[in-house]
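So the structure is just underneath, and the comments pick up after that.
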């Protein structure tokens with residue numbers, strides 16, 4: 004593995020899962036692997052879990068970590084080629100990525116979509132250019148369309164809690180007051196499709212994810228029907244892909260509650276966090292015995308550590 | 004000691020003082036104590052001394068440090084229970100603290116009061132919840148009502164400079180152009196009451212601190228009378244506790260000057276910094292031989308190092 | 004060497020160059036030099052290259068690094084003496100620098116000019132006070148007037164690519180949409196004058212740099228004439244020194260292009276970055292074989308490492 008931008012960068016998911024669990028069991032046994040190696044974490048947007056867990060993972064491997072916040076005014080990157088830079092962008096990605104690649108051995112980058120131009124957001128252009136110009140391995144800390152470190156942690160969480168070989172996993176849309184990216188559900192769908200589960204996606208009409216990522220998943224517009232017999236329910240809001248970036252529904256009936264949990268096979272409930280209580284998920288779920296949200300967040304460390312470890316082993 | 008939120012968390016102040024002086028004498032002799040331990044520093048408000056000194060202390064102990072600034076737009080924490088999160092708060096403290104507790108072995112948190120609702124600010128709710136949900140030791144980097152790392156450094160500074168067993172220490176209010184929290188004076192009073200000094204507080208009427216913290220201190224409204232024979236003068240502005248958060252006086256006669264110093268027993272002058280020159284303290288004091296403000300700030304490292312060291316020894 | 008504020012702090016440039024190349028050849032061979040030493044990096048303004056490269060250099064030397072961003076609202080430093088601080092500044096440099104000096108063994112500081120008051124910007128007052136009050140070695144991360152870590156990296160880049168003992172180096176003004184400081188060109192001129200090259204500065208009339216820094220350089224108002232036979236072209240915008248801080252020209256004929264490159268001796272093209280493509284430099288130059296901008300940025304690490312290493316060796 005050189006880059007970690009999507010599930011397609013992983014040769015063997017089962018192997019990577021096992022490696023992550025080895026790191027979890029013995030966090031500091033690879034501390035010399037990262038000696039004199041620098042991880043740069045570049046945030047074009049806010050971050051809590053990704054920031055802390057990836058930093059922790061790198062330190063467990065003995066790496067140096069340099070964090071750069073570019074989310075504030077005054078360091079907007081230009082990505083278009085051949086442009087005359089007489090507007091707000093202060094540096095072209097060609098130079099910025101190349102320079103960072105000189106200082107860092109591996110670079111993690113977060114860059115959210117603007118949710119205005121679907122084609123631009125879904126082109127993957129930003130990460131392709133970062134890979135091309137930085138000349139070092141690139142780890143996505145969430146792109147316009149995918150959040151693979153989150154999805155890998157989600158897979159770890161299912162793997163270590165599942166009680167049957169092929170559980171039923173339901174990804175359900177939930178309401179929110181803001182228009183959110185599709186990155187987390189896209190990415191979760193992509194990983195579920197690559198992992199061995201029965202996978203169903205449920206959402207109001209108009210919230211269909213890109214087929215590129217939802218792939219072979221069953222789509223069910225009736226949430227109750229979808230939840231029937233579920234072993235895992237993954238709750239997440241996203242804005243429309245079709246009517247790009249729009250909020251088409253705030254229907255509170257889609258909020259996950261204990262009542263709905265009764266329809267499932269005593270399902271475990273997951274969410275990538277941060278979660279809006281009382282909007283996406285009822286307090287009773289988050290505070291109840293079926294919630295996996297905290298161990299799920301904790302697994303972010305081992306997901307990142309397995310990924311960084313593989314990159315270190317294969318590229319240096 | 005598990006948490007460090009107030010002086011009440013300290014079993015034995017004299018012992019902790021001695022340990023701090025041992026760290027000061029030999030800063031790096033406990034460098035293996037923090038190996039593979041991560042300190043998270045979470046700032047909901049700006050910080051200079053606390054940020055740098057606590058980071059330095061942790062590094063002296065061999066800890067990894069992860070700093071997270073949550074003071075900017077976009078990561079406001081919800082603390083109320085049972086609320087529907089359809090407003091500005093993006094994450095509930097229940098999740099945020101629990102997640103941070105998964106990534107960090109010890110968490111330092113700074114959260115200033117809003118100075119609007121006295122009951123809310125003085126409830127200690129935020130730190131109680133952080134302790135409860137994070138499940139790891141919590142160190143206050145300044146709360147709504149207290150600043151124990153500052154006060155402990157203040158005690159160290161008095162201890163190493165005092166020329167009599169029981170010096171007279173005067174905490175005096177000083178003018179300022181803004182409404183400031185009562186955290187530093189509350190905390191200083193709390194520690195002076197737990198430490199062996201003659202302790203007097205002086206301020207204009209209406210600036211009485213909460214009895215919870217001022218306790219057995221003598222209150223003297225006449226600053227000149229209070230300063231008489233003082234060995235230490237601790238200068239600080241605060242807004243009214245009674246008329247909560249209000250600025251009742253900007254009377255420049257309360258500024259500490261060399262003229263006032265004559266009333267004292269050649270007192271040493273202290274201030275937690277940052278200080279407004281020419282408002283709280285005259286230049287002649289800060290630039291003169293009686294000022295302890297810089298060694299006082301320097302002692303922040305040893306206070307933090309003693310606290311972190313005790314927590315590491317007792318909880319891991 | 005104690006401080007690194009300008010080229011005048013360097014005893015022997017040739018020796019420092021050789022040391023930088025030794026670090027470049029063997030980055031981690033001095034890793035014990037910085038053990039238990041803390042570098043504080045204080046940014047009053049944004050930074051990418053300086054932030055990452057100096058952090059990397061310090062980590063290569065085994066130092067701890069603490070980064071403090073003071074560029075946001077709420078921590079404006081007062082530098083004037085004897086002032087009543089009843090306005091926006093929250094802390095005097097006397098206290099801030101002294102306190103940081105207690106926590107850090109070496110301090111790097113970035114403080115841009117406001118470009119309003121020439122005398123204030125060119126007084127060097129801020130850095131003089133930081134040196135005076137911090138009581139520890141100070142490294143400029145770019146001052147109002149100079150950027151010595153950049154210039155030293157520029158010298159390294161010329162030294163390792165030059166094909167004749169005394170190349171012709173042309174510093175050329177280029178257009179920009181904003182008023183930029185003179186720090187980079189001042190500093191480059193100062194270092195070129197101290198280094199053994201044929202040095203020419205070219206710019207529109209009114210853009211003369213301070214003689215204090217341009218010194219013995221030839222000034223040529225005709226860019227084409229200046230470029231004739233150049234081995235290196237250093238491209239940079241700056242605002243007027245005479246008509247202080249003003250943009251007097253946006254003449255796009257001053258942009259460096261392949262056409263202009265024909266006038267030179269197949270010159271290598273340099274720029275400190277960030278660069279505005281299509282304004283300061285044509286894409287064809289930046290994407291072409293003559294550009295040195297990325298190796299130039301890469302050399303920032305070795306410049307910083309040589310400087311920090313010298314300071315560590317000579318002061319501790």
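Residue numbers (this note's numbering), protein chains in the order written: chain H, 4 to 319; chain V, 4 to 319; chain Y, 4 to 319.
Glycine included, each C-beta is placed from N, C-alpha and C at the ideal position.
Near-chain Y residues of the region 125–152 of chain H - C-beta to any C-beta below 7 Å: none
Buried versus exposed call for residue 22(H) [16 or more other C-beta atoms within 10 Å across all chains shown]: buried
Euclidean distance between Cα positions of residue 224(Y) and residue 173(Y): 12 Å
Contacting residues, own chain, Cβ-Cβ under 6 Å from residue 140(H) (five flanking each side not counted): Answer for residue 140(H): 5, 6, 109, 314, 318, listed in chain order.
Cβ neighbours of residue 35(V) in the same chain (closer than 8 Å, five flanking residues each side left out): 65
Bounding residues of the alpha helix (DSSP H) (the contiguous stretch that carries residue 261(H)): Run containing residue 261(H): 261–264, per the alpha helix (DSSP H) assignment.
Cβ pair count under 8 Å reaching 3, the region 269–288 of chain V against the region 159–177 of chain V: yes
Which listed residue (28(V), 274(V), 288(V)) has its alpha carbon closest to that of residue 158(V): 274(V)
Residues of its chain near residue 219(Y), where Cβ-Cβ distance is below 7 Å and the 5 sequence neighbours each way are ignored: 196
Residue 121(Y) vs residue 304(Y) beta-carbon contact at 8 Å: No. Outside cutoff.
Cross-chain neighbours of residue 62(H) in chain V, by beta carbon under 9 Å: Against chain V, a Cβ distance below 9 Å from residue 62(H) picks out 39, 41, 67, 69.
Beta-carbon gap between residue 182(Y) and residue 221(Y) smaller than 8 Å: Cβ distance not < 8 Å, so residue 182(Y) and residue 221(Y) don't count as in contact.
Helix, strand or coil at residue 222(V) [DSSP, three-state]: When secondary structure is reduced to three states using DSSP, residue 222(V) falls in the strand class.
Length of the line joining the Cα atoms of residue 114(H) and residue 153(H): 15 Å
DSSP state of residue 200(Y) mapped onto helix, strand, coil: coil
Own chain residues within Cβ distance below 6 Å of residue 8(V), not counting five before or after: 130, 143
Beta-carbon contacts of residue 396(V) that lie in its chain and below 8 Å, excluding the five residues immediately before and after: The requested residue 396(V) does not occur in the structure, where chain V is confined to residues 4 to 319.
With 16 other Cβ atoms within 10 Å as the buried cut-off, status of residue 309(Y): With 16 or more other Cβ atoms within 10 Å, it is buried.
Beta-ladder partner(s) of residue 130(Y), from DSSP: Answer by DSSP bridge pairing: none, since residue 130(Y) is not bridged.
Chain V residues whose Cβ lies nearer than 9 Å to that of residue 253(Y): Under the 9 Å cutoff, chain V gives no residues; its nearest Cβ is about 34 Å from residue 253(Y).
Collapsed DSSP secondary structure at residue 194(Y) in the structure displayed: helix
Any chain V beta carbon closer than 8 Å to residue 101(Y): So yes, residue 101(Y) belongs to the interface.
Coarse secondary structure for residue 239(Y), derived from DSSP in three states: In the structure shown, the three-state DSSP call for residue 239(Y) is strand.
Rounded Cβ spacing between residue 86(V) and residue 279(H) (contact assumed at less than 8 Å): About 10 Å separates the beta carbon of residue 86(V) from that of residue 279(H), a gap too long to meet the 8 Å contact definition.
Residue closest to residue 293(H), alpha-carbon to alpha-carbon, out of 189(H), 79(H), 233(H), 187(H): Of the residues 189(H), 79(H), 233(H), 187(H), the one whose Cα lies closest to the Cα of residue 293(H) is 233(H).
Per-residue contacts from residue 111(V) into chain H (C-beta, under 7 Å): Near residue 111(V) there are no residues of chain H at all, since even the closest Cβ is about 14 Å away, more than 7 Å.
Where the beta strand (DSSP E) through residue 37(H) begins and ends: Neither: residue 37(H) is in no beta strand (DSSP E) and is coded neither H nor E.
Rounded straight-line distance, which links the Cα of residue 186(H) to that of residue 266(H): 27 Å
Buried or exposed by the 16-neighbour rule on C-beta atoms within 10 Å, applied to residue 166(Y): exposed
Residues bridged to residue 7(Y) (per DSSP): Bridge partners of residue 7(Y): 142(Y).
Paired residues, beta bridge with residue 244(V) - DSSP: Residue 244(V) pairs with nothing; no bridge assigned.
Between the CA atoms of residue 33(H) and residue 61(V) - distance to the nearest angstrom: 23 Å
Neighbourhood of residue 160(V) by C-beta distance below 7 Å, restricted to the same chain and skipping five residues each side: 273, 295, 298, 299, 302
Boundaries of the beta strand (DSSP E) in which residue 271(H) is found, first to last residue: 271–273
Rounded separation between residue 74(V) and residue 147(H) - CA only: C-alpha separation (whole angstroms): 25 Å.
Alpha-carbon to alpha-carbon, residue 31(H) and residue 82(V): 35 Å
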